[in-house]
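Student: Each protein sequence line maps, in turn, to chains Z, H and V.
Note that my numbering numbers the first sequence so that position 55 is 77, with each residue one more than the last.
Note that my numbering numbers the second sequence so that position 201 is 253, with each residue one more than the last.
Note that my numbering numbers the third sequence so that position 353 is 731, with each residue one more than the last.
Idealized CB from N, CA, C, for every residue including glycine.
Below you'll find the structure I mean.
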Amino acid sequence: MSSSIGLKWLMAVTGIVFLLYVLLHMYGNLKVLAGQEAFDTYAHHLREIGEPMLPYGGLLWIVRIVLIASIIGHVYAAFTLWSRSSSARPQGYAVKKSISSSLASRTMRWGGITLLLFVIFHLIHFTLVKPNFNSEADAAAVKESPYVMVSASFSLIWVVLIYTLAMIALGMHIYHGAWSASQTLGLTSTPRARTVAKTTAQVLAALIVVGFLIPPFYLYFSSL
Amino acid sequence: MRLTLKIWRQDGPDATGGFETYTVDDISEDMSFLEMLDELNENLQARGIEPVAFDSDCREGICGTCGLMISGLAHGPEVTTTCQLHMRSFSDGEEITIEPWRAHAFPVIRDLVVDRSAFDRIIQAGGFISVDTGAAPDAAATPVPKVQADRSFDTATCIGCGACVAACPNASAMLFLGAKVTHLGELPQGQAERNSRVVDMVAQHDHEGFGGCTNIGECAASCPKEIPLDVISQLNKDLRVAARARR
Amino acid sequence: MTELIDGLYREGEPIADSKAPDGPIETRWERHQFENALVNPANRRKLSVIIVGTGLAGASAGATLGEAGYHVKTFCYQDSPRRAHSIAAQGGINAAKNYKGDGDSVYRLFYDTVKGGDYRSRESNVYRLAEVSPNIIDQCVAQGVPFAREYGGLLDNRSFGGVQVQRTFYARGQTGQQLLIGAYQALERQIAKGTVEMFSRHEMLELVVIDGKARGIIARDMVTGEIETHLADAVVLASGGYGNVFFLSTNAMGCNVTAAWRAHRKGAYMANPCYTQIHPTCIPQHGDKQSKLTLMSESLRNDGRIWVPKNAEDCDKDPRDIPEEDRDYYLERIYPSFGNLVPRDIASRQAKNMCDEGRGVGPAIVEVGPDGEEREVRRGVYLDFASAIERMGRESVESKYGNLFDMYERITGENPYEVPMRIYPAVHYVMGGLWVDYDLESSIPGLYVTGEANFSDHGANRLGASALMQGLADGYFVLPNTIRDYLAKGPFEPVAEDAPEVEEARRSVTDRIEHFLTCDGERTVDSIHKELGSIMWEYCGMERTAEGLQKAIGLIRELKTEFWTNVKVLGSNDQLNQSLEKAGRVADFLELGELMCIDALHREESCGGHFRAESQTEEGEALRNDEDFSYVAAWEYATKGEDAAELEPVLHKEDLVYEFIEMKQRSYK
Ligand SMILES: Cc1cc2nc3c(=O)[nH]c(=O)nc-3n(C[C@H](O)[C@H](O)[C@H](O)COP(=O)(O)OP(=O)(O)OC[C@H]3O[C@@H](n4cnc5c(N)ncnc54)[C@H](O)[C@@H]3O)c2cc1C
Ligand code: HEM
Ligand code: HEM
Ligand code: SF4
Ligand code: F3S
Ligand code: FES
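Here you go:
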């Protein structure tokens, strides 16, 4: 498992966990479009799934634990492989051109770090601290209603911008990551399978970027 | 034509190296890249300067001995080996930077010559089919379907040049490994050792200090024999199957 | 010993015994193997063998002896055994499998090989080669060599080199590569098991002979410059051919004669050194800065038509502007029944004749003529596919020859679909090599020689696809069975690292290196090598005359003096030093070249790859003289006086007796 390919599996599997989560999360976020009541009920409902088998918020906690374990595994593998590849070429080239690699593939690591920073910020922003950036909004309401929290934030252009940039980083990470994961899992050993994998990755990346960005932009423009 | 060459010079494995700049004149475009370097070396020797060391043998693109990083591209701007690169791919007055393959697992021996014995050790770890001389059944006893035979051949054409490692941002040798694993894995004869082969070769690969693959694809694009990227997927798959079989 | 003949050599005792068994030819090898002594498996580990060279011949022998349990040490000058020059072979490998059911058999392969060799090879050896050939294919397939297959999954064969049966196995145009990778992997497997120790980037520079037996080698670690002594019970040379004596050849840059020549100087006979094979379809030289020549498959002659302009004035015209009536399809004209498909040597010689007449095409190259004057000559003839493209359509030409056309275009920058290709003959293979008996043992006991480095199986001319066969036959099946008869007498008395013979051998190596590094002359090694090459090509190439050869011997002797007094090698010994490596090789090539010319001069007949202008039929064909020359010329090293630079070798003749095959003159008219 500590072989370079073993670590890659870990990345691929955890990466796919993220992917699934992100897809669900994106679907949930789109409920913002249905208005305050729908969104708040949804957020509340999330915490009730599985009751009474699970306590209030139980499923959410299971998801959180899986996500936390995944991020640890993913980041651990990423950094171990990173350090191995930098010691694999202690002396770089004076001139190096790339011929076939995409920008996305070459920026996986920095892109990943961007994402990590974003996630930390994002958790503080919407889950842990829920600071109120918007002086016009009511701080208590922000903490009470997820819809208010979200719409208050996204009426600020700089918040929208941060999220937009993060989503572009995410799109690139997934664009290469989803194809890469299928290669890592050995699903692409025929030319056809490779085309399929590449196309799927492109579609997924586009879907996720667009899907995530609809709510912030919708909220921003409706706040004008 | 006239060219400016920025060449990496390093006296020995432990010496610190650096770039030297030379110019060559009267280079005809029919000359091969290595003949251009031969010419440079004749001139240098006439001036009492030690010639630039570089590796080559067959000069036909098949032995895999040659290999230079030419202005940032492994084997230069064409899909071929350095020895089969001709000067018509360059233009008069151009400046060309020439560096050795750079990888921890390919230490520099001198100037542009590197030690690629790590590849031999990877083959030693499992890149073979165990059959002692004289113990073979009749060659016609096992037919091999044409599709498999062709894929096996396509991947068997790897010349072990190391360009994949040189071009890979991670200095990973997965394309080289994948080629061998696919060559032997496509054949009925190669099945008995298929699992142990891939496990042992990957372990040796990591042990030699090559980097991990992040599926960037520079390797396949630089490979003079056009080994396709799907051999890396095949390698991953074989390793997955092997890991399951071991449990 | 007889007196000096032609002022050049003496004749010694004929070779009495080549150990070739007698009796029915079909059972000779089997009986011989049975009669050879066995070595108890428990003793094998105590017996050590050094193998110099890891091409097909060396790697296969190394793997097989390692599997048997001997302690093997293998050496090569490249950075990995996978890079030996065997890798460049394109066409294929012969084997008498008769998978096509077209009437092939061991006997037919035997017959074709003897005939192809122009009746200058040993019947017993050739029969054995044909006999083990099917086993080679079995072995290679089991190792995973991906030979070409048909749709049904069975192995495919093609016909090659003008024979009428389809017995050639191939792997696209990369047969040598695939066979070598197979042998290399088998060798690496033994290295991993510890039975074989591999020394890459090590060059053998001297043989150690003690009490008349080969007991080791002196090798230089090409990275550190260390001079190492390696001792063993037996030594095998599998160091390949010496075609690079011509400077330009299709051989790899590093191919050399040093290992063989050092053994020759220690007493191993050199047999038929003048037999050289010149391949008609190579890409011509583009200028005087060229480093090597590239072979194009002979199959091109099946559909291409060869011509030169009728008038020398047309030679620098665009060939497409030369009208049909001004073209000379000279092979079709001279040999109406064989046309463009005449054997290699004839096609080569006629191309040279056309260019010598001033009707060659392509860039004019400066060379030194027979008169010693510099002149400009165009060295190339057209190989034209225009009519083939018209007849078969561009597509089918492309599917048949596409990869060759691409290769041609890459090297020359010309598109052969549009403009006729230019070709010219080039040195390709040497049939000569160290003399060996039926056991592949040289005239030094304990020194065995395999592959292209020996002279054994191809007579005066080698058939296409037979060199690979011989290398692997020697390494997998013959040597391991013959060397055990010798090893069974061992382990021999251990040799001390400071034995006087070892010290002497080391000193000869270090003295030479010291000399090169301190000579501090004016000439680079390459410039001398080039000069030697042009002398050899001019006088000892496709056509040889007594006068020319005598002249060449004089020129080589002068060049030798120039080399030893005026060479310039920079750098030091204790690092990778490629000029130093080359200097050692060129030193030996110079002596070899001299011997080749002496051999060519003494053989006053034409046979196979050796064409003496004085010995031709009325139609200008090679004329053999079986009466006087049906022998192997095995040369013993000797010089004029103690340490004189000039050779004065001793000729030992091994008579060739044909019991099974009747000798015939060949004719292609
Ligand atoms: C372009 C080309 C195409 C050919 N095509 C065909 C073909 O289609 N069919 C066919 O049958 N034949 C073909 N031949 C001929 C055939 O390839 C060779 O004759 C054969 O491969 C020689 O094998 P070998 O093992 O004897 O020597 P090589 O493969 O030349 O190996 C020599 C070995 O000796 C080592 N060595 C040499 N000198 C020293 C030294 N001093 N110290 C240490 N190591 C040393 C080298 O490192 C190398 O490992 C072709 C040849 C050429 C040049
Ligand atoms: C510190 C944070 C992160 C770092 C350093 C990081 C780095 C990487 C790297 C180096 C890869 C391998 C790329 C390749 O194989 O080509 C990768 C793959 C992947 N990452 Fe991340 N990443 C991070 C966070 C994330 C996050 C937050 C997500 C999800 C939203 C994610 C999803 C993926 C996916 C799906 C893959 C594909 C798996 C594979 O290549 O096999 N990553 N990541
Ligand atoms: C425009 C994009 C996004 C918006 C509008 C958004 C919105 C939200 C909101 C409103 C919450 C709080 C939900 C609640 O507490 O009920 C939340 C939580 C969360 N978001 Fe996002 N999100 C976005 C993008 C992302 C991305 C790209 C990731 C991951 C890479 C992510 C990961 C998370 C996580 C891990 C939580 C915490 C869930 C929990 O455990 O409570 N979000 N997000
Ligand atoms: S895979 Fe391609 S680039 Fe890598 S060693 Fe083989 S031939 Fe060279
Ligand atoms: S470039 Fe490197 S990252 Fe993998 S796909 Fe090729 S080995
Ligand atoms: S020198 Fe052999 S491949 Fe370039």
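Just the chain V side, please: which residues come within less than 8 Å of H/HIS138 by C-beta, in chain order?
Tutor: Position 86 of the second sequence holds residue 138 of chain H. Within chain V, the residues near H/HIS138 are ARG788, ILE789 and GLY791.
Student: If you measure from the beta carbon of H/GLY230 to each beta carbon in chain V, is any gap under 7 Å?
Tutor: Counting from one through the second sequence, the residue named residue 230 of chain H turns up at place 178. No, its Cβ sits nowhere closer than 7 Å to a Cβ of chain V.
Student: Are H/ASP107 and H/CYS115 closer than 7 Å when you measure CB to CB?
Tutor: Along the second sequence, one-based indexing puts residue 107 of chain H at 55. Along the second sequence, one-based indexing puts residue 115 of chain H at 63. No, the Cβ-Cβ distance between H/ASP107 and H/CYS115 is not below 7 Å.
Student: Tell me the rounded alpha-carbon separation between Z/LYS30 and Z/THR217.
Tutor: For the purposes of this step, residue 30 of chain Z is identified with residue 8 of the first sequence, where counting begins at 1. For the purposes of this step, residue 217 of chain Z is identified with residue 195 of the first sequence, where counting begins at 1. Rounded to the nearest angstrom, the two C-alpha atoms are 21 Å apart.
Student: Pull up the CB-CB distance for V/VAL887 and V/ALA961, whole angstroms please, since I reckon it's below 8 Å.
Tutor: Position 509 of the third sequence, counted from the start, is the residue given in the question as residue 887 of chain V. Position 583 of the third sequence, counted from the start, is the residue given in the question as residue 961 of chain V. Contact doesn't hold; Cβ gap of about 13 Å is too wide.
Student: What does the Cβ neighbour count give for H/GLY263, buried or exposed, with the cut at 16 atoms within 10 Å?
Tutor: The residue given as residue 263 of chain H occupies position 211 in the second sequence. So H/GLY263 counts as buried.
Student: Is DSSP giving H/MET115 helix, strand or coil here?
Tutor: On the second sequence, residue 115 of chain H is found 63 positions in, with the first residue counted as 1. Reading off the sequence shown, one finds Cys at residue 115 of chain H, where the question assumed Met. If DSSP states are grouped into helix, strand and coil, H/CYS115 belongs with coil.
Student: Does the Cβ of H/SER143 have 16 or more other Cβ atoms within 10 Å, making it buried, or fewer, making it exposed?
Tutor: In the second sequence, residue 143 of chain H corresponds to position 91, counting from 1. The residue is exposed, with fewer than 16 neighbouring Cβ atoms inside 10 Å.
Student: Say whether the stretch 507–520 of chain V touches the stretch 453–468 of chain V, bearing in mind that this needs 3 or more beta-carbon pairs closer than 8 Å, one atom from each stretch.
Tutor: Taking 8 Å as the limit for Cβ pairs, the verdict is that the stretch 453–468 of chain V does not touch the stretch 507–520 of chain V.
Student: Under a CB-based cut-off of 7 Å, is Z/THR210 close to chain H?
Tutor: For the purposes of this step, residue 210 of chain Z is identified with residue 188 of the first sequence, where counting begins at 1. Closer than 7 Å: yes.
Student: If we count Cβ pairs, one from each stretch, closer than 8 Å, do we get three or more for the stretch 671–688 of chain V versus the stretch 1004–1023 of chain V?
Tutor: Not touching, per the Cβ criterion.
Student: Return the bridge partner residues of H/PHE71 from the DSSP annotation.
Tutor: Residue mapping note: residue 71 of chain H aligns to position 19 of the second sequence, counting from 1. According to DSSP, which records beta bridges pairwise, H/PHE71 is partnered with H/TRP60.
Student: Please state whether DSSP places V/GLY551 in a helix, a strand or coil.
Tutor: Here residue 551 of chain V refers to the residue found at position 173 of the third sequence. In this structure, V/GLY551 counts as strand in the three-state DSSP scheme.
Student: Give the range of the alpha helix (DSSP H) segment to which H/ARG298 is assigned.
Tutor: Here residue 298 of chain H refers to the residue found at position 246 when the second sequence is read from its first residue. Counting along the chain, the alpha helix (DSSP H) containing H/ARG298 begins and ends at 282–298.
Student: Which runs of the alpha helix (DSSP H) at least 4 residues long sit entirely within the stretch 692–718 of chain V? Give them in chain order.
Tutor: If we require 4 residues or more, the alpha helix (DSSP H) runs fully inside the stretch 692–718 of chain V come out as 708–712.
Student: Just verifying my parser: in three-state terms, what is the DSSP assignment at V/GLY594?
Tutor: The residue labelled residue 594 of chain V in the question sits at position 216 within the third sequence. Residue state, collapsed to three classes: strand.
Student: Cβ atoms of V/GLY829 and V/ASP815: under 7 Å apart, would you say?
Tutor: One-based indexing of the third sequence puts residue 815 of chain V at position 437. One-based indexing of the third sequence puts residue 829 of chain V at position 451. Going by C-beta atoms, V/ASP815 is not nearer than 7 Å to V/GLY829.
Student: Give a single yes or no on whether H/THR149 has its beta carbon closer than 6 Å to a heavy atom of ligand 7.
Tutor: Summarising the ligand content, the structure contains ligand 1, ligand 2, ligand 3, ligand 4, ligand 5 and ligand 6 and does not contain ligand 7.
Student: Threshold first: 4 residues or longer. Then list the alpha helix (DSSP H) segments lying entirely within the stretch 880–936 of chain V, N to C.
Tutor: List check, alpha helix (DSSP H) in window: 903–918.
Student: Pairs of beta-carbons, one from the stretch 865–874 of chain V and one from the stretch 402–420 of chain V, closer than 8 Å: are there three or more?
Tutor: At 8 Å Cβ cutoff, the stretches touch.
Student: Less than 7 Å separating the beta-carbons of V/VAL430 and V/VAL450?
Tutor: Reading the third sequence from its first residue, position 52 is the one you call residue 430 of chain V. Reading the third sequence from its first residue, position 72 is the one you call residue 450 of chain V. Not a contact, by the Cβ cut-off of 7 Å.
Student: Under 8 Å between beta-carbons, which chain Z residues line up against H/GLU130? List them in chain order, please.
Tutor: Walking along the second sequence from the start, residue 130 of chain H turns up at place 78. Within 8 Å Cβ-Cβ: nothing; H/GLU130 doesn't reach chain Z, min ~11 Å.
Student: Output needed in chain order: residues of the stretch 516–544 of chain V with a Cβ under 9 Å from some Cβ in chain H.
Tutor: Correct list: ASP516, GLN517, CYS518, VAL519, ALA520, GLN521, GLY522, VAL523, PRO524, PHE525, ALA526, ARG527, GLU528, TYR529, GLY530, GLY531, LEU532 and LEU533.
Student: Take Z/ILE184 as the anchor and find which of Z/PHE234, Z/SER202 and Z/GLY199 has the nearest alpha-carbon.
Tutor: Within the first sequence, the letter at position 162 stands for residue 184 of chain Z. Ranking Z/PHE234, Z/SER202 and Z/GLY199 by Cα distance to Z/ILE184 puts Z/PHE234 first.
Student: By how many angstroms is the C-alpha of V/ARG527 removed from the C-alpha of V/LYS349?
Tutor: Nothing can be reported for residue 349 of chain V, as the shown portion of chain V is limited to 379 through 1047.
Student: Could you tell me the alpha carbon to alpha carbon distance between V/TYR1015 and V/HIS1030, rounded to whole angstroms?
Tutor: In the third sequence, residue 1015 of chain V corresponds to position 637, counting from 1. In the third sequence, residue 1030 of chain V corresponds to position 652, counting from 1. Near 11 Å, if we compare the C-alpha coordinates of V/HIS1030 and V/TYR1015.
Student: Compute every distance between the C-beta of Z/THR136 and the non-hydrogen atoms of ligand 3, then say whether any falls below 6 Å.
Tutor: On the first sequence, residue 136 of chain Z is found 114 positions in, with the first residue counted as 1. No - ligand 3 has no heavy atom lying nearer than 6 Å to the Cβ of Z/THR136.
Student: What does a CB cutoff of less than 6 Å around Z/THR15 pick up in its chain, not counting 5 residues either side in sequence?
Tutor: Coverage of chain Z is limited to positions 23 through 246, which leaves residue 15 of chain Z absent and any answer about it impossible.
Student: Are the beta-carbon atoms belonging to Z/SER26 and H/ASP258 less than 7 Å from one another?
Tutor: For the purposes of this step, residue 26 of chain Z is identified with residue 4 of the first sequence, where counting begins at 1. For the purposes of this step, residue 258 of chain H is identified with residue 206 of the second sequence, where counting begins at 1. Closer than 7 Å, so yes.
Student: So which residues on chain V does H/GLN241 lean against when the C-beta distance must stay under 8 Å?
Tutor: Numbered from 1 along the second sequence, position 189 holds the residue referred to as residue 241 of chain H. Within chain V, the residues near H/GLN241 are VAL519, ALA520, GLN521 and GLY522.
Student: Fully enclosed by the stretch 492–543 of chain V, which alpha helix (DSSP H) runs are 4 residues long or longer?
Tutor: If we require 4 residues or more, the alpha helix (DSSP H) runs fully inside the stretch 492–543 of chain V come out as 501–521.
Student: Which residues in the same chain have their Cβ closer than 8 Å to the Cβ of V/ASP966, if we skip the five residues on either side of it in sequence?
Tutor: If you number the third sequence from 1, residue 966 of chain V lands on position 588. The residues are ASN634, VAL635, THR636, TRP639 and ARG640.
Student: Can you give the Cα-Cα distance for V/TYR779 and V/PHE894, rounded to whole angstroms?
Tutor: As a first step, residue 779 of chain V is located in the third sequence; it is residue number 401 there, counting from the start. As a first step, residue 894 of chain V is located in the third sequence; it is residue number 516 there, counting from the start. Spanning the two alpha carbons is a distance of roughly 47 Å.
Student: Given this structure, state the Cα-to-Cα distance separating V/ASP952 from H/ASP167, to the nearest angstrom.
Tutor: Position 574 of the third sequence, counting from 1, holds the residue named residue 952 of chain V. Position 115 of the second sequence, counting from 1, holds the residue named residue 167 of chain H. Rounded to whole angstroms, V/ASP952 to H/ASP167 spans 17 Å at the Cα level.
Student: Pull up the CB-CB distance for H/PHE205 and V/ALA549, whole angstroms please, since I reckon it's below 8 Å.
Tutor: What you label residue 205 of chain H is simply residue 153 of the second sequence in a count that begins at 1. What you label residue 549 of chain V is simply residue 171 of the third sequence in a count that begins at 1. Indeed they touch by this definition, with Cβ atoms about 6 Å apart.
Student: Would you kindly report the start and end of the unbroken alpha helix (DSSP H) that includes V/GLU606?
Tutor: By 1-based counting over the third sequence, the position of residue 606 of chain V is 228. That residue, V/GLU606, is in no alpha helix (DSSP H); its beta strand (DSSP E) goes 605–609.
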